[in-house]
Amino acid sequence: MIRKILSLLCGGLCFISLPGIAQNPSAKLDSKPLRVYGDSIKFEAQITVPKHKVFKKEGTYVIMPELGDHKFEPIRIPSSELNNAAVNGIAITINSSAPFDEDMIGNDLEIEHEYEYKNGRKNVEFRDMDDLAECCITTGTLFSLNGQYELMQFDYRPAVQVPLKVVAQINFPLDVAKFSSTESTEAVNEIGRYIKKYPTSSIKIKGFASPEGTMARNKELAGARAQAVKTWLVEELDKKGYSPYFNADNIKVTSEQEDWKGFEYVLTQSDLSPEKQEAVMDALNSDLSAADKEKAVLAALGGAENAEKYLMPLRRTTVVVSDKYASRSGYSPYEIDSINSKFSKGDLTLSAMRDIYTQEEMLQASQRTKAKAGKLTLLSSFYKTYPADVRAYSNLGALTAVDMHRFDVVGGDDALVGIGFDRDMVDIDEEVDLDEGKLKYKYKYKEEDIKNGEKLKFKIKEDLADAEVLLMKAYHNDTENFVALNNLGAHYLTVGEYAKAKEYLDKSARYQDSDGVNYNLGVYHARMGNYKKASEHFSKASKVENIEYNRGLAKLMTNDNKGALKDFQTFSENNSEYALGHYLTAVAAARVGDIEAMVYGLEYAMNRNQRLSDIASEDLEFRDYWNDKRFKDAADDDFTETAKIEVKE
Numbered sequence: 004m005i006r007k008i009l010s011l012l013c014g015g016l017c018f019i020s021l022p023g024i025a026q027n028p029s030a031k032l033d034s035k036p037l038r039v040y041g042d043s044i045k046f047e048a049q050i051t052v053p054k055h056k057v058f059k060k061e062g063t064y065v066i067m068p069e070l071g072d073h074k075f076e077p078i079r080i081p082s083s084e085l086n087n088a089a090v091n092g093i094a095i096t097i098n099s100s101a102p103f104d105e106d107m108i109g110n111d112l113e114i115e116h117e118y119e120y121k122n123g124r125k126n127v128e129f130r131d132m133d134d135l136a137e138c139c140i141t142t143g144t145l146f147s148l149n150g151q152y153e154l155m156q157f158d159y160r161p162a163v164q165v166p167l168k169v170v171a172q173i174n175f176p177l178d179v180a181k182f183s184s185t186e187s188t189e190a191v192n193e194i195g196r197y198i199k200k201y202p203t204s205s206i207k208i209k210g211f212a213s214p215e216g217t218m219a220r221n222k223e224l225a226g227a228r229a230q231a232v233k234t235w236l237v238e239e240l241d242k243k244g245y246s247p248y249f250n251a252d253n254i255k256v257t258s259e260q261e262d263w264k265g266f267e268y269v270l271t272q273s274d275l276s277p278e279k280q281e282a283v284m285d286a287l288n289s290d291l292s293a294a295d296k297e298k299a300v301l302a303a304l305g306g307a308e309n310a311e312k313y314l315m316p317l318r319r320t321t322v323v324v325s326d327k328y329a330s331r332s333g334y335s336p337y338e339i340d341s342i343n344s345k346f347s348k349g350d351l352t353l354s355a356m357r358d359i360y361t362q363e364e365m366l367q368a369s370q371r372t373k374a375k376a377g378k379l380t381l382l383s384s385f386y387k388t389y390p391a392d393v394r395a396y397s398n399l400g401a402l403t404a405v406d407m408h409r410f411d412v413v414g415g416d417d418a419l420v421g422i423g424f425d426r427d428m429v430d431i432d433e434e435v436d437l438d439e440g441k442l443k444y445k446y447k448y449k450e451e452d453i454k455n456g457e458k459l460k461f462k463i464k465e466d467l468a469d470a471e472v473l474l475m476k477a478y479h480n481d482t483e484n485f486v487a488l489n490n491l492g493a494h495y496l497t498v499g500e501y502a503k504a505k506e507y508l509d510k511s512a513r514y515q516d517s518d519g520v521n522y523n524l525g526v527y528h529a530r531m532g533n534y535k536k537a538s539e540h541f542s543k544a545s546k547v548e549n550i551e552y553n554r555g556l557a558k559l560m561t562n563d564n565k566g567a568l569k570d571f572q573t574f575s576e577n578n579s580e581y582a583l584g585h586y587l588t589a590v591a592a593a594r595v596g597d598i599e600a601m602v603y604g605l606e607y608a609m610n611r612n613q614r615l616s617d618i619a620s621e622d623l624e625f626r627d628y629w630n631d632k633r634f635k636d637a638a639d640d641d642f643t644e645t646a647k648i649e650v651k652e
């Protein structure tokens with residue numbers, strides 16, 4: 004028995020089976036229909052050819068698989084390896100693979116074969132082996148392929164003594180330069196006590212404006228607010244007897260208008276739905292004029308009245324008082340949490356946070372913030388304030404990689420160990436090809452992006468490059484740090500550089516067998532078609548949120564269909580709005596013959612994405628049920644019984 008192995012791609016594995024015919028050429032595949040794994044089709048076939056006098060002459064036996072118009076690379080076996088085929092015939096096992104193309108779907112595998120004489124005589128063609136297996140089951144294309152990033156943790160011990168500052172924020176409820184002075188009495192008292200104790204202290208006042216309205220008006224408002232606070236503060240300090248301890252002429256007043264960054268942060272920290280947040284971000288990142296951008300933002304928020312609660316926190320002025328001789332004890336973790344809470348509510352600005360925290364406290368603040376947006380905001384600020392501090396690099400690179408709001412790698416979703424599986428629940432309609440198809444990114448349909456695809460490509464590449472630079476800096480700072488190694492591996496998984504990904508992931512696993520690296524190695528092996536290995540790694544990544552999705556797929560690929568059904572049911576319970584989870588529940592149920600679970604999975608899937616109806620009607624996973632009325636009703640894209648029940652609930 005001679006084995007010839009052909010590998011065009013290392014994407015996925017596919018084994019198929021063919022029936023033999025007694026006295027004629029035959030091919031037997033170990034399973035059918037054909038299956039797609041990753042981006043490849045692979046199959047193994049046992050080919051039998053009866054003895055024939057043609058094999059007496061020296062030559063080459065040539066095997067040429069075909070799927071519709073797609074031809075596989077020919078497999079060539081010299082007669083010297085055919086074990087006296089003229090007397091014994093041919094009995095060989097071949098392995099072949101080819102890149103998957105959607106045009107292959109619906110075609111049957113055929114194998115042409117011939118004997119090519121060495122001396123140049125005309126080739127002898129054998130009878131084709133037709134209708135061997137239908138193409139294709141595509142379940143293996145549904146893995147989430149993005150890498151899982153991990154965050155470094157840093158020890159923290161409050162400093163014995165750090166610079167002491169007073170930071171106050173004066174809020175302006177209306178879009179004018181007026182505020183309630185009675186609400187800021189305690190701030191005046193605190194500032195007064197400070198300047199009395201430290202008479203050489205400096206006072207800095209900075210005004211801000213919410214971004215609606217014209218730039219000229221916002222600039223004027225921000226300046227007016229800063230000046231109003233200065234006038235009020237001087238008067239109040241005079242009233243309370245603190246005038247001997249400061250000079251009003253030395254108070255520094257500045258302003259900043261068009262606070263779109265602050266507006267974006269307020270949104271990410273709010274209870275606004277992800278869909279509305281996405282619509283607002285699209286408007287903010289568009290090429291619209293300032294006036295049209297404002298209209299689009301207000302429309303996305305449901306009008307000016309609904310937008311008011313997100314704009315109000317931006318109308319503010321900050322007061323920072325400091326002195327080189329003033330000091331305090333370092334903040335405890337609980338005090339840092341309290342300050343972070345004020346920041347997340349909009350009671351403190353990012354600039355105020357920089358004034359309040361020391362370097363170590365700010366790093367700890369970013370570590371203790373639970374929200375991904377808050378971590379990214381604080382780490383970005385930390386990086387800009389302390390660019391030489393390499394501790395921020397790996398975490399900032401990871402957060403940058405998962406913060407590409409408007410696009411997502413084909414087949415995958417952003418993920419961050421310890422923060423969550425940021426799965427994109429929205430239908431995706433368009434693709435952008437980068438680097439001649441090496442990278443494919445999907446993104447939600449946006450008219451301005453379609454009109455300017457090159458700009459979108461540049462933005463994607465820029466974000467990826469920024470993330471890679473940061474992750475590589477972290478790695479070079481400590482080449483044995485398992486988090487830095489894992490995050491580099493996760494990045495290279497995301498961009499499809501699998502050899503690099505494997506190199507860094509293997510190194511990371513040697514230092515720490517973490518959930519993140521096991522998840523990533525599972526993704527790698529799934530992409531390479533080694534689903535048994537993938538399943539082993541996914542089983543050791545139980546702490547990764549929603550691990551049931553990829554783990555369930557790996558179980559399907561290794562025929563652990565009951566285990567897959569359990570995983571997909573758990574995933575769908577936790578992610579009820581995600582149509583594909585319900586669809587895969589139906590696939591697993593179909594494999595184990597659980598009709599009720601299949602029907603409910605399909606109905607829930609159709610209720611969330613009616614386009615899955617057409618897919619189910621042609622999906623070979625359901626081939627045994629196509630004529631079953633229960634399947635037909637469940638896969639119908641009409642409003643199903645399950646959908647009605649959900650609406651009532």
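Residue 4 is where the sequence shown starts when you use this note's numbering, and the numbers rise one by one after that. Where a beta carbon is used, it is the ideal one built from N, C-alpha and C, also for glycine.
Collapsed DSSP secondary structure at residue i in the structure displayed
i	result
Asn533	coil
Lys279	helix
Asp469	helix
Asp518	helix
Pro166	strand
Gly41	coil
Ser538	helix
Pro68	strand
Arg318	coil
Val191	helix
Leu304	coil
Leu291	coil
Lys31	strand
Arg160	coil
Val498	coil
Lys632	helix
Proximity of residue i and residue j at Cβ, strictly below 7 Å
i	j	result
Ala557	Ser538	yes
Ala299	Ala310	no
Gln172	Ala212	no
Tyr527	Lys510	no
Ser330	Leu353	no
Ala2	Ala180	Because the chain spans 4 through 652 in this model, residue 2 falls outside it and cannot be assessed.
Phe541	Arg530	no
Lys168	Lys207	no
Asp326	Tyr248	no
Gly400	Leu473	yes
Val65	Glu119	yes
Ser184	Trp235	yes
Asp653	His73	Only positions 4 to 652 of the chain appear in the structure, and residue 653 is not among them; the question remains open.
Ala2	Arg611	With the chain represented from 4 up to 652, any question about residue 2 goes unanswered, as that position is not in the structure.
Neighbour-count burial assignment, residue i, 16 or more Cβ in a 10 Å radius
i	result
Phe710	Summary: the structure shown does not reach residue 710, with the chain confined to residues 4 through 652, and so no result is reported for it.
Lys373	exposed
Thr321	buried
Glu624	buried
Ile164	A small fix is needed here, since residue 164 is Gln in this sequence, not Ile. Label assigned to Gln164: exposed.
Glu128	exposed
Spatial distance of residue i from residue j (CA atoms)
i	j	result
Asn490	Gly566	29 Å
Ala303	Pro102	42 Å
Ile198	Ser258	23 Å
Lys464	Ser341	38 Å
Glu483	Tyr507	10 Å
Ser575	Thr588	8 Å
Thr361	Thr188	27 Å
Asp33	Phe46	8 Å
Ser99	Asp563	25 Å
Val602	Glu267	42 Å
Lys569	Val595	11 Å
Phe175	Glu186	11 Å
Check: residue i C-beta below 6 Å from any heavy atom of the ligand MN
i	result
Phe182	Ligands in the displayed structure: none, and consequently the ligand MN is not present.
Would you list, in sequence order, the uninterrupted beta strand (DSSP E) runs of no fewer than 3 residues that lie entirely inside the region 82–149?
93–102, 112–120 and 140–143
Write down every uninterrupted run of the alpha helix (DSSP H) in the region 193–256 whose length is 4 residues or greater and which is fully enclosed by it, in chain order.
218–242
Segments assigned alpha helix (DSSP H), at least 4 residues, entirely inside the region 569–600:
582–595
Would you mind listing the alpha helix (DSSP H) stretches within the region 320–388 that are 4+ residues and don't spill past its ends, in chain order?
336–347, 353–359, 362–371 and 375–388
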